[in-house]
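This report concerns only the one structure given below.
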Amino acid sequence: MKELRRDLSNKMLGGVCSGIARYLNVDPTVIRLLWVLSLFLIGTGILAYLICWIVIPADY
Numbered sequence: 661m662k663e664l665r666r667d668l669s670n671k672m673l674g675g676v677c678s679g680i681a682r683y684l685n686v687d688p689t690v691i692r693l694l695w696v697l698s699l700f701l702i703g704t705g706i707l708a709y710l711i712c713w714i715v716i717p718a719d720y
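Numbering-wise (my numbering), the sequence shown opens with residue 661 and increments by one.
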């Protein structure tokens with residue numbers, strides 16, 4: 661069974677984007693770019709990232 665976890669081996673800040681990318685089986689750069697776009701276009705990127713950082717468990 662697949663679990664959503666933060667990827668600490670391929671992280672830039674908290675491993676949220678790389679964890680989501682691993683879960684969705686896509687390149688982490690795509691998720692990071694989408695996150696930056698949501699930051700500038702919608703304005704909720706930072707808050708959503710912080711919430712995900714707290715809620716998604718780390719993969720040790």
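Glycine included, C-beta positions come from ideal geometry on N, C-alpha and C.
| field | Candidates G705, E663, I711: closest to R682 by CA position | value | As a working mapping, residue 682 is identified with position 22 in the sequence shown. The candidate whose alpha carbon is nearest that of R682 is E663.
| Going by the C-beta, is R692 closer than 7 Å to any heavy atom of the ligand ADP? | Summarising the ligand content, the structure contains no ligands, and the ligand ADP is consequently not present.
| field | Distance, M661 Cα to I702 Cα | value | Taking the first residue of the sequence shown as 1, we reach residue 702 at position 42. Taking the first residue of the sequence shown as 1, we reach residue 661 at position 1. The alpha-carbon atoms of I702 and M661 are separated by roughly 33 Å.
| request: Give the straight-line distance between the Cα atoms of N670 and N685, rounded to the nearest whole angstrom. | output: Start at 1 with the first residue of the sequence shown, and residue 670 comes out as number 10. Start at 1 with the first residue of the sequence shown, and residue 685 comes out as number 25. Looking at the two C-alpha atoms, the distance is approximately 14 Å.
| query | Apart from the five residues on each side of it in sequence, which residues of its chain come closer than 7 Å, Cβ to Cβ, to I716? | reply | Position 56 of the sequence shown, counting from 1, holds the residue named residue 716. Only L664, R665, R666, V676, G679 meet the Cβ criterion.
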